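2 protein chains.
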Amino acid sequence: MQRLDIAAINREAVQAIQKSQPVLTGVGIAGEVVPRMRRNLILHAGPPITWDRMCGPMRGAVMGALVYEGLAKTIPEAEKLAASGEIAFEPWHEHDGVGPMAGVATASMPVWIVEDKAAGRRTFCTLNEGLGKVLRYGAYSDEVLVRLRWMRDVLGPVLREALAGRPEINLKALIAQALQMGDEVHNRNRAATSLLFRELAPAILRTRAKTDDQVKVLEFLHANDHTFLNLSMPAAKIMLQAAEWREGCTLVTTMARNGTDFGIRVAGLKDRWFTAPAGMVKGLLFPGFTDADCNPDIGDSAITETVGLGGFSMAAAPAIVKFVGGTVADAMTYTQTMYEITTAESEAFQIPTLDFRGSPLGIDLLKVCETGILPQINTGIAHREAGVGQVGAGLIKPPAKCFEDALAAYVDAYCPE
Amino acid sequence: MQRLDIAAINREAVQAIQKSQPVLTGVGIAGEVVPRMRRNLILHAGPPITWDRMCGPMRGAVMGALVYEGLAKTIPEAEKLAASGEIAFEPWHEHDGVGPMAGVATASMPVWIVEDKAAGRRTFCTLNEGLGKVLRYGAYSDEVLVRLRWMRDVLGPVLREALAGRPEINLKALIAQALQMGDEVHNRNRAATSLLFRELAPAILRTRAKTDDQVKVLEFLHANDHTFLNLSMPAAKIMLQAAEWREGCTLVTTMARNGTDFGIRVAGLKDRWFTAPAGMVKGLLFPGFTDADCNPDIGDSAITETVGLGGFSMAAAPAIVKFVGGTVADAMTYTQTMYEITTAESEAFQIPTLDFRGSPLGIDLLKVCETGILPQINTGIAHREAGVGQVGAGLIKPPAKCFEDALAAYVDAYCPE
Numbered sequence: 001m002q003r004l005d006i007a008a009i010n011r012e013a014v015q016a017i018q019k020s021q022p023v024l025t026g027v028g029i030a031g032e033v034v035p036r037m038r039r040n041l042i043l044h045a046g047p048p049i050t051w052d053r054m055c056g057p058m059r060g061a062v063m064g065a066l067v068y069e070g071l072a073k074t075i076p077e078a079e080k081l082a083a084s085g086e087i088a089f090e091p092w093h094e095h096d097g098v099g100p101m102a103g104v105a106t107a108s109m110p111v112w113i114v115e116d117k118a119a120g121r122r123t124f125c126t127l128n129e130g131l132g133k134v135l136r137y138g139a140y141s142d143e144v145l146v147r148l149r150w151m152r153d154v155l156g157p158v159l160r161e162a163l164a165g166r167p168e169i170n171l172k173a174l175i176a177q178a179l180q181m182g183d184e185v186h187n188r189n190r191a192a193t194s195l196l197f198r199e200l201a202p203a204i205l206r207t208r209a210k211t212d213d214q215v216k217v218l219e220f221l222h223a224n225d226h227t228f229l230n231l232s233m234p235a236a237k238i239m240l241q242a243a244e245w246r247e248g249c250t251l252v253t254t255m256a257r258n259g260t261d262f263g264i265r266v267a268g269l270k271d272r273w274f275t276a277p278a279g280m281v282k283g284l285l286f287p288g289f290t291d292a293d294c295n296p297d298i299g300d301s302a303i304t305e306t307v308g309l310g311g312f313s314m315a316a317a318p319a320i321v322k323f324v325g326g327t328v329a330d331a332m333t334y335t336q337t338m339y340e341i342t343t344a345e346s347e348a349f350q351i352p353t354l355d356f357r358g359s360p361l362g363i364d365l366l367k368v369c370e371t372g373i374l375p376q377i378n379t380g381i382a383h384r385e386a387g388v389g390q391v392g393a394g395l396i397k398p399p400a401k402c403f404e405d406a407l408a409a410y411v412d413a414y415c416p417e
Numbered sequence: 418m419q420r421l422d423i424a425a426i427n428r429e430a431v432q433a434i435q436k437s438q439p440v441l442t443g444v445g446i447a448g449e450v451v452p453r454m455r456r457n458l459i460l461h462a463g464p465p466i467t468w469d470r471m472c473g474p475m476r477g478a479v480m481g482a483l484v485y486e487g488l489a490k491t492i493p494e495a496e497k498l499a500a501s502g503e504i505a506f507e508p509w510h511e512h513d514g515v516g517p518m519a520g521v522a523t524a525s526m527p528v529w530i531v532e533d534k535a536a537g538r539r540t541f542c543t544l545n546e547g548l549g550k551v552l553r554y555g556a557y558s559d560e561v562l563v564r565l566r567w568m569r570d571v572l573g574p575v576l577r578e579a580l581a582g583r584p585e586i587n588l589k590a591l592i593a594q595a596l597q598m599g600d601e602v603h604n605r606n607r608a609a610t611s612l613l614f615r616e617l618a619p620a621i622l623r624t625r626a627k628t629d630d631q632v633k634v635l636e637f638l639h640a641n642d643h644t645f646l647n648l649s650m651p652a653a654k655i656m657l658q659a660a661e662w663r664e665g666c667t668l669v670t671t672m673a674r675n676g677t678d679f680g681i682r683v684a685g686l687k688d689r690w691f692t693a694p695a696g697m698v699k700g701l702l703f704p705g706f707t708d709a710d711c712n713p714d715i716g717d718s719a720i721t722e723t724v725g726l727g728g729f730s731m732a733a734a735p736a737i738v739k740f741v742g743g744t745v746a747d748a749m750t751y752t753q754t755m756y757e758i759t760t761a762e763s764e765a766f767q768i769p770t771l772d773f774r775g776s777p778l779g780i781d782l783l784k785v786c787e788t789g790i791l792p793q794i795n796t797g798i799a800h801r802e803a804g805v806g807q808v809g810a811g812l813i814k815p816p817a818k819c820f821e822d823a824l825a826a827y828v829d830a831y832c833p834e
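Residue numbers (the numbering used here), protein chains in the order written: chain A, 1 to 417; chain B, 418 to 834.
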């Protein structure tokens with residue numbers, strides 16, 4: 001076996017990420033555009049998981065989705081169906097997509113389509129439902145299902161027609177701008193959502209939809225500063241896909257949680273997941289909730305950190321500490337520290353308060369294991385029971401075991417005895 | 418004469434500024450809403466000035482405005498009319514308003530109406546024309562006049578109807594948010610414009626205007642990140658009006674330039690202007706221009722600095738150094754230094770990178786004179802000739818003489834021999 005030049009391999013992988021150009025091209029129906037999507041398949045966040053091991057909010061989202069999809073009539077019926085073995089559960093990450101929090105998606109849901117045309121890749125993500133009682137946090141009340149149907153019947157079609165009638169939207173440029181405007185595009189997306197809104201509004205006006213529906217669509221987008229999260233995530237995913245499946249490469253290409261397990265994948269180790277129990281998020285809880293209400297870490301949104309945004313770019317978003325906790329100095333430190341476990345700096349994403357230094361890019365499994373520094377993630381916190389919703393937001397690091405196991409597997413695979 | 422408690426007087430004045438609540442309530446026609454507006458009156462930026470002393474860009478804007486208003490048929494005819502004595506020239510600041518750069522306004526122009534309802538005050542400002550060849554930078558070509566007519570015939574009426582059909586927009590809250598998003602709302606207004614756009618878009622859809630005109634209005638607002646400047650300025654003006662005309666008060670309530678003179682006013686000295694020759698702005702010029710092309714400092718936009726925004730809040734807007742020059746560290750220093758000449762910190766406007774410290778508020782004439790520290794202003798740069806337009810942006814301080822003369826006048830007025 002030839003000696004691997006890991007540094008050169010990683011350099012090439014990072015270059016591929018740097019060259020990736022995610023653009024928003026449209027909205028489609030999951031069943032029509034997501035690879036291998038089918039009616040009895042539920043996609044979810046994080047590494048693979050079976051019904052019996054799923055946490056409360058993911059079960060809640062699954063039950064809500066089965067009723068929404070018409071596969072069950074009631075929540076108890078949905079629970080029975082979910083446990084029956086007739087429903088398949090697979091990670092979004094194995095279907096070229098990502099899902100925030102529970103990340104549950106079914107065939108009839110509208111999804112954003114993000115493309116990297118030069119690379120011939122597409123990624124997908126559902127549309128963000130807004131705040132309060134929402135499926136992604138495991139809520140499944142009528143209010144949640146009524147909103148999901150409106151998203152399927154009005155929001156999706158209007159956005160689809162709007163995007164079809166205008167040039168694609170350059171998400172990389174938009175994220176770069178948002179970083180100059182106090183977003184890190186994981187838990188702070190106000191600027192990115194605003195810039196997206198400016199791009200979409202004239203095109204929405206030009207659709208054939210009734211004025212009333214157009215107004216409702218604009219008001220829905222306007223009411224939710226997290227609208228853009230469901231675009232920063234597939235944009236991050238498509239950039240990281242450029243590094244995936246590279247012989248010998250030690251870059252981390254996925255960090256994702258299903259609310260039970262935290263899982264990572266490494267470029268040179270292909271489709272293998274390295275998992276460990278998901279941790280508890282430390283942060284700020286909404287009034288009336290305590291630590292006992294919190295579900296362990298959940299969601300695919302850590303894909304933003306994996307590409308150097310989110311917790312890695314908190315120095316660009318000092319105002320976020322009011323939401324996730326800590327001080328502005330902490331936010332600066334998180335970003336500074338992440339340079340120690342990454343191999344490059346983004347050419348596109350710059351941190352103004354660090355004199356426009358590129359954001360830390362390319363998490364190197366070897367550097368994580370050598371330094372003992374774990375990736376910094378900021379994230380929302382779901383209630384541990386199905387049906388409740390978000391209870392706060394905070395900070396967390398992945399379990400060290402994911403990286404230790406991945407390193408052992410890498411040694412097995414690549415280092416001759 | 419009783420001894421003045423200047424500190425107490427200033428404290429009360431600052432409190433009045435803190436309490437001011439600027440809201441955007443509508444769009445009107447200058448001739449109908451601006452006090453003492455009339456057909457042969459031209460409002461302009463800065464302290465009072467006569468035609469013969471006006472700089473190139475202000476002359477250009479006046480000539481363009483006379484043709485736009487139908488008072489002259491051609492630019493040469495307008496030039497003759499302007500010099501004839503038949504046209505009156507008065508500062509916007511003496512008509513409860515403000516104008517960016519040349520700040521030229523005539524009776525038929527649409528204006529934003531900003532109110533402080535509790536105080537019973539209204540202020541006004543024209544709508545921003547966008548970038549490139551525009552009247553406020555002294556350009557007067559057909560392109561400029563066609564756009565002004567479209568603003569009068571389409572943009573103004575659509576915005577007027579949109580605002581009439583929705584609740585007023587809280588400008589103070591919007592500016593506070595924009596400071597968390599990298600704006601200082603003088604030369605960086607991208608976030609504030611985006612947030613305004615989100616508020617206006619649904620209401621614009623609900624107007625009776627043709628879809629085509631609605632789309633054009635949205636695209637016009639979207640194309641110009643400075644849209645909000647023409648709202649941050651009257652919002653700053655109305656807040657400062659809360660401190661004006663206060664016996665013994667040493668707070669600076671106006672800093673404004675007409676391109677020839679820089680003028681300030683001080684609360685306790687009522688309507689007196691203290692002027693000195695306007696300086697040259699140091700900054701970044703657009704390609705193809707040199708220092709010899711630059712007009713001296715011009716415009717009422719320094720009202721933003723007067724209320725602690727703009728150059729005073731540059732620490733909130735590190736990305737602005739790419740536009741006005743300098744480093745991020747400089748931006749931090751500008752804000753830090755301004756605390757030395759102000760008497761308070763804003764309760765509404767916070768600087769994230771300074772751990773959410775309130776922006777420096779209430780420029781004290783006495784502190785400026787004691788410390789020798791002059792207010793820090795950032796600003797656009799106009800070409801010195803009529804008809805050209807913007808050539809760059811940069812940083813400037815007012816002439817010390819304005820403050821020295823004001824102090825002498827204050828001593829004359831208030832200090833018994």
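Where a beta carbon is used, it is the ideal one built from N, C-alpha and C, also for glycine.
Being a predicted model, the structure only gives us computed values, none of them experimental.
* Asked: Can you check whether the CB of alanine 201(A) is closer than 7 Å to the CB of alanine 447(B)?
  -> Counted from its first residue, the second sequence places residue 447(B) at position 30. Counted from its first residue, the first sequence places residue 201(A) at position 201. No, Cβ-Cβ distance for alanine 447(B) and alanine 201(A) is not below 7 Å.
* With 7 Å as the threshold, decide whether the Cβ of proline 157(A) is near any Cβ in chain B. => Working through the first sequence from its first residue, we reach residue 157(A) at position 157. Not closer than 7 Å to any Cβ of chain B, the Cβ of proline 157(A) fails to qualify, so no.
* **Cβ-based neighbour list, arginine 689(B), same chain, cut-off 7 Å, excluding 5 preceding and 5 following** => Along the second sequence, read from residue 1 onward, the residue named residue 689(B) stands at position 272. So the qualifying residues of the chain are Arg682 and Ala826.
* Residues in the segment 196 to 224 of chain A with C-beta within 7 Å of chain B's C-beta atoms, listed in sequence order? -> From the segment 196 to 224 of chain A, only Phe197, Arg198, Ala201, Pro202, Leu205, Arg206, Thr211, Gln214, Val215, Leu218, Glu219 and His222 have a Cβ closer than 7 Å to chain B.
* At least one CB of chain A closer than 7 Å to the CB of asparagine 597(B): is that the case? -> By 1-based counting over the second sequence, the position of residue 597(B) is 180. The sequence given here places glutamine at residue 597(B); asparagine does not occur at that position. Glutamine 597(B) counts as touching chain A.
* Report all residues from its chain with a CB closer than 7 Å to the CB of aspartate 822(B); omit the five preceding and five following residues, and keep chain order. => Working through the second sequence from its first residue, we reach residue 822(B) at position 405. Excluding positions up to five away in sequence, the list reads Phe691.
* Output yes if chain A places a C-beta closer than 7 Å to the C-beta of aspartate 772(B); else output no. => Residue numbering aside, residue 772(B) sits at position 355 when the second sequence is read from its first letter. Yes, its Cβ sits closer than 7 Å to a Cβ of chain A.
* Asked: Quick one, which of Thr750(B), Gln658(B), Arg453(B) and Val602(B) has its alpha-carbon nearest alanine 535(B)'s?
  -> On the second sequence, position 118 is the one that residue 535(B) refers to. Of Thr750(B), Gln658(B), Arg453(B) and Val602(B), the residue nearest in Cα terms is Gln658(B).
* Asked: Under 7 Å, do leucine 395(A) and valine 324(A) count as touching if we go by C-beta distance?
  -> As a first step, residue 395(A) must be located in the first sequence, where it is residue number 395. As a first step, residue 324(A) must be located in the first sequence, where it is residue number 324. In contact: leucine 395(A) and valine 324(A) (Cβ atoms closer than 7 Å).
* Output the distance between the C-alpha atoms of leucine 179(A) and glycine 743(B), rounded to the nearest integer angstrom. => In the first sequence, the residue the question calls residue 179(A) occupies position 179. In the second sequence, the residue the question calls residue 743(B) occupies position 326. Rounded to the nearest angstrom, the two C-alpha atoms are 20 Å apart.
* **Coil, strand or helix - valine 440(B) by DSSP** => Here residue 440(B) is taken as the residue at index 23 of the second sequence, counted from 1. Three-state DSSP puts valine 440(B) in a strand.
* Give me the Cα-Cα distance between threonine 254(A) and alanine 8(A), rounded to the nearest whole angstrom. => Numbered from its first residue, the first sequence carries residue 254(A) at position 254. Numbered from its first residue, the first sequence carries residue 8(A) at position 8. Answer to the nearest angstrom: the Cα atoms are 21 Å apart.
* Taking C-alpha atoms, which residue in Ala524(B), Ser649(B), Gly487(B) and Glu496(B) lies nearest to glutamate 449(B)? -> Reading the second sequence from its first residue, position 32 is the one you call residue 449(B). Nearest C-alpha to glutamate 449(B): Ala524(B).
* Asked: For arginine 538(B), which three-state DSSP category applies?
  -> Numbered from its first residue, the second sequence carries residue 538(B) at position 121. Three-state DSSP puts arginine 538(B) in a strand.
* Asked: Under 7 Å between C-beta atoms, does serine 194(A) make it to chain B?
  -> Here the question's residue 194(A) lines up with position 194 in the first sequence. Serine 194(A) counts as touching chain B.
* **Those runs of the alpha helix (DSSP H) which lie wholly inside the segment 222 to 269 of chain A and span at least 4 residues** => 229 to 241
* Selected residue, minimal CA-CA separation from glutamate 757(B), among Phe766(B), Thr788(B) and Gly727(B) -> Translated into positions along the second sequence, residue 757(B) becomes position 340. Selected option, being the one with the closest Cα: Thr788(B).
* Asked: Nearest-angstrom Cα distance between glutamate 762(B) and valine 185(A)?
  -> Residue 762(B) sits at position 345 when you count from the first residue of the second sequence. Residue 185(A) sits at position 185 when you count from the first residue of the first sequence. Their backbone Cα atoms lie some 30 Å apart in a straight line.
* Asked: According to DSSP, what are the bridge partners of glutamine 631(B)?
  -> Position 214 of the second sequence, counting from 1, holds the residue named residue 631(B). According to DSSP, glutamine 631(B) bridges with nothing at all.
* Identify every run of the alpha helix (DSSP H) within the segment 469 to 497 of chain B, keeping only runs that are complete inside it and at least 4 residues long; order them along the chain. => 473 to 485
* **Start and end residues, alpha helix (DSSP H) containing serine 194(A)** => Taking the first residue of the first sequence as position 1, residue 194(A) is located at position 194. Per DSSP, serine 194(A) belongs to the alpha helix (DSSP H) from 190 to 205.
* **First and last residue of the uninterrupted alpha helix (DSSP H) at leucine 702(B)** => Numbered from 1 along the second sequence, position 285 holds the residue referred to as residue 702(B). Run containing leucine 702(B): none in the alpha helix (DSSP H); it sits in the beta strand (DSSP E), 699 to 702.
* Same chain, Cβ closer than 7 Å to glutamate 86(A), neighbours up to 5 away in sequence not counted -> One-based indexing of the first sequence puts residue 86(A) at position 86. Only Asn40 meet the Cβ criterion.
* Residues of the segment 227 to 253 of chain A whose Cβ lies closer than 7 Å to any Cβ of chain B, in chain order -> none
* Would you say alanine 319(A) reaches chain B, if we count a Cβ-Cβ gap shorter than 7 Å as a contact? -> As a position in the first sequence, residue 319(A) is number 319, starting the count at 1. Taking Cβ atoms only, chain B reaches closer than 7 Å to alanine 319(A), which makes this a yes.
* Asked: When the Cα of leucine 498(B) is compared with those of Gln432(B), Asp559(B) and Glu486(B), which residue comes out closest?
  -> Taking the first residue of the second sequence as 1, we reach residue 498(B) at position 81. The residue with the shortest Cα to Cα distance from leucine 498(B) is Glu486(B).
* Asked: Which chain B residues are close to valine 328(A), counting only those with a beta carbon under 9 Å from its beta carbon?
  -> Residue numbering aside, residue 328(A) sits at position 328 when the first sequence is read from its first letter. Pro769, Thr770, Leu771, Asp772 and Phe773, listed in chain order.
* Mapping DSSP to helix, strand and coil, what is proline 777(B)? -> Locating residue 777(B) in the second sequence gives position 360, counting from the first residue. Three-state DSSP puts proline 777(B) in a strand.
* To do: With a cut-off of 8 Å on the beta carbons, I'd call glycine 680(B) and cysteine 819(B) a contact; round off their distance for me.
  => Within the second sequence, numbered from 1, the residue matching residue 680(B) stands at position 263. Within the second sequence, numbered from 1, the residue matching residue 819(B) stands at position 402. Correct: roughly 7 Å between the Cβ atoms.
* Looking at alanine 83(A) and threonine 67(A), is the spacing between their C-beta atoms short of 7 Å? -> In the first sequence, counting from the first residue as 1, residue 67(A) sits at position 67. In the first sequence, counting from the first residue as 1, residue 83(A) sits at position 83. As written in the sequence, residue 67(A) is valine, which differs from the threonine given in the question. The answer is no: Cβ separation not under 7 Å.
* Could you check the C-alpha separation between isoleucine 303(A) and proline 57(A) for me, to the nearest Å? => Mapped onto the first sequence, residue 303(A) falls at position 303. Mapped onto the first sequence, residue 57(A) falls at position 57. If I take the Cα positions, the gap works out to 20 Å.
* To do: Name, please, each residue of chain B whose Cβ falls closer than 7 Å to the Cβ of arginine 190(A).
  => For this step, residue 190(A) is matched to residue 190 along the first sequence. Correct list: Met598.
* Asked: By a C-beta neighbour count over all protein chains shown, 10 Å radius and 16 as the cutoff for buried, is glycine 809(B) buried or exposed?
  -> Position 392 of the second sequence, counted from the start, is the residue given in the question as residue 809(B). Burial call: buried.
* To do: Compare the Cα-Cα distances from methionine 54(A) to each of Gly283(A), Gln214(A) and Arg257(A) and report the closest residue.
  => What you label residue 54(A) is simply residue 54 of the first sequence in a count that begins at 1. When each option's Cα is compared against that of methionine 54(A), the closest is Arg257(A).
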